[in-house]
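Below is one structure, written out as structure tokens; the observations come after it.
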């Protein structure tokens, strides 16, 4: 796979960071004003429009802040939706507010379009985008155009975002720091709120759960009362929340920060309270991928951090009000008679043959309906029914090529973040049999860490070759200047 030069190899036009922060703070204040003034209907339109404007500004002038801002939209948009519904708008479904993270992420498609003239650049990403485009064309023939368009954005935006991170490989250290900082505070906020949500059940969460049950039959997040909620924190379902927290906890184990112990503890408790066993399995798989890939000194450091975290977590989950919720779910991991496992097994038996016999697929926008398995309970079935063999094979080929590339480089032995990115990507991808990983929050986790993992690979490979060819030249002049990405 040929690698392009960074699209921001030279310092972008300078603009005082204050202007970017003014835009972000104004956006936040307007959101708070609508909530306090009970203008939920106004917020339904203001939030996605404002998010798009701010994201566009940051994309053009402050690429690091764009990445962080986009992630915060994914972290908080569903929570803002619940506030808007509770404070004035009433139950609104579908909610325009949920478009905000998709619109902000979709801006990164500009990066892809600027590189499309290099057909060999990022070939795995191109394969996946081509597959999604194929599903879009089939869907337009068979399904509702509005649903197809929303599905296309949901499937393609995470791929574009991952490609965007990959093309900025020359500034990998800056993007690494940005993602570490974003997820550090994200885990603190989402993990802390998740625990509060479980213990006290804020009224906007109770309202949304009750309405979702009435209108959509959504009952997988527990009951709207204290100690009855299956934690989904600031997101809109336990599985997406747990998927993001899985990534966050793995990153916290590789981060050196004063907040790291607090973040890791809050994140671990919250992911347990989500009762999302697929994310638990993904976390275990991620650790199994992460630890052996490191050199011995880093292994000792990581294992020490993991043991310290366990010493904090184990006593907490064995006392009430946590024990009665978490421990039965943990015991269910080894129980083949578990209702959820049996339902998924039945659903696969009924639908897998039908899915694998579909050559062309039914296009994006197709909704799986089955009494045993939910529409979001299987990434494999969703992929095959949507894209068929013609679209699924190149899509999976693209992902496998990226994962293979990440395992073909030794740089992860001394770069903890690169190792964690690879582990997160593997842990997320292996949930494909239990969750949708092609759209939504889980897709963002998968593609963002595939992209930054590939950026790390290219960055370290380039500098190793540079040092071999010019032992006295240890830096890349002009390309890694902090002033080019001045954020503070």
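In this note's numbering, the protein residues as written are 1 to 488. Built from N, CA and C at the ideal position, the CB exists for glycine as well. All of these numbers come straight from a predicted model, not from anything done at the bench.
Measure how close the beta-carbons of residue i and residue j come, nearest whole angstrom, since I'm counting them as under 8 Å.
i: residue 243; j: residue 42; result: No, residue 243 and residue 42 are not in contact; Cβ-Cβ is about 31 Å, not under 8 Å.
i: residue 363; j: residue 141; result: 7 Å
i: residue 133; j: residue 191; result: Incorrect: roughly 37 Å between the Cβ atoms, too far for contact.
i: residue 246; j: residue 194; result: Not a contact, Cβ separation roughly 13 Å.
i: residue 302; j: residue 291; result: 6 Å
i: residue 271; j: residue 316; result: Contact doesn't hold; Cβ gap of about 13 Å is too wide.
i: residue 188; j: residue 259; result: 6 Å
i: residue 506; j: residue 402; result: Nothing in the structure corresponds to residue 506, since the chain is present only between 1 and 488.
i: residue 131; j: residue 139; result: No, residue 131 and residue 139 are not in contact; Cβ-Cβ is about 12 Å, not under 8 Å.
i: residue 69; j: residue 56; result: No, residue 69 and residue 56 are not in contact; Cβ-Cβ is about 11 Å, not under 8 Å.
i: residue 286; j: residue 426; result: 7 Å
i: residue 489; j: residue 386; result: The question about residue 489 has no answer, for the chain in this structure spans 1 to 488.
Pull up the distance between the alpha-carbon of residue i and that of residue j, whole angstroms please.
i: residue 162; j: residue 273; result: 29 Å
i: residue 223; j: residue 209; result: 7 Å
i: residue 489; j: residue 228; result: For residue 489 there is no data in the structure shown, the boundaries of the chain being 1 and 488.
i: residue 441; j: residue 448; result: 10 Å
i: residue 355; j: residue 231; result: 32 Å
i: residue 275; j: residue 468; result: 50 Å
i: residue 180; j: residue 46; result: 29 Å
i: residue 199; j: residue 241; result: 17 Å
i: residue 277; j: residue 23; result: 39 Å
i: residue 382; j: residue 390; result: 14 Å
i: residue 17; j: residue 99; result: 26 Å
i: residue 164; j: residue 112; result: 7 Å
i: residue 72; j: residue 380; result: 28 Å
i: residue 346; j: residue 220; result: 18 Å
i: residue 185; j: residue 225; result: 27 Å
i: residue 137; j: residue 395; result: 15 Å
i: residue 306; j: residue 253; result: 7 Å
i: residue 324; j: residue 212; result: 25 Å
i: residue 408; j: residue 422; result: 11 Å
i: residue 115; j: residue 106; result: 15 Å
i: residue 33; j: residue 49; result: 16 Å
i: residue 117; j: residue 433; result: 35 Å
i: residue 332; j: residue 397; result: 34 Å
i: residue 299; j: residue 196; result: 34 Å
i: residue 463; j: residue 280; result: 36 Å
i: residue 310; j: residue 37; result: 44 Å
i: residue 322; j: residue 182; result: 28 Å
i: residue 239; j: residue 76; result: 15 Å
i: residue 147; j: residue 350; result: 26 Å
Leaving out five residues on either side along the sequence, give the residues of the same chain with a beta carbon under 6 Å from the beta carbon of residue i.
i: residue 102; result: 153, 157
i: residue 265; result: 312
i: residue 79; result: 234
i: residue 35; result: 83, 87
i: residue 392; result: 383, 384
Assuming residue i is part of the alpha helix (DSSP H), what are its boundary residues?
i: residue 82; result: 63 to 84
i: residue 21; result: 17 to 36
i: residue 147; result: 145 to 167
i: residue 171; result: Taken as a continuous stretch (DSSP letters only), residue 171 belongs to no alpha helix (DSSP H), as it is neither H nor E.
i: residue 469; result: 441 to 469
i: residue 377; result: It is not in any alpha helix (DSSP H) - residue 377 carries neither H nor E in the DSSP assignment.
i: residue 282; result: 277 to 290
i: residue 248; result: 238 to 252
i: residue 111; result: 109 to 115
i: residue 270; result: 260 to 273
i: residue 428; result: 416 to 429
i: residue 39; result: It is not in any alpha helix (DSSP H) - residue 39 carries neither H nor E in the DSSP assignment.
i: residue 130; result: 123 to 142
i: residue 311; result: 296 to 317
i: residue 203; result: 203 to 216
i: residue 331; result: 323 to 331
DSSP beta-bridge partners for residue i?
i: residue 222; result: 229
Excluding the five sequence neighbours on either side, which residues of its own chain have a C-beta within less than 7 Å of the C-beta of residue i, listed in chain order?
i: residue 82; result: 204, 205, 208
i: residue 44; result: 84, 89, 92, 95, 96, 97
i: residue 74; result: 101, 441, 444
Ordered along the chain, which non-local residues of its own chain (more than five positions away) have a Cβ less than 8 Å from that of residue i?
i: residue 415; result: 456, 460
i: residue 249; result: 187, 264, 267, 268, 271, 283
i: residue 20; result: 57, 58, 61, 62, 65
i: residue 327; result: 317, 318
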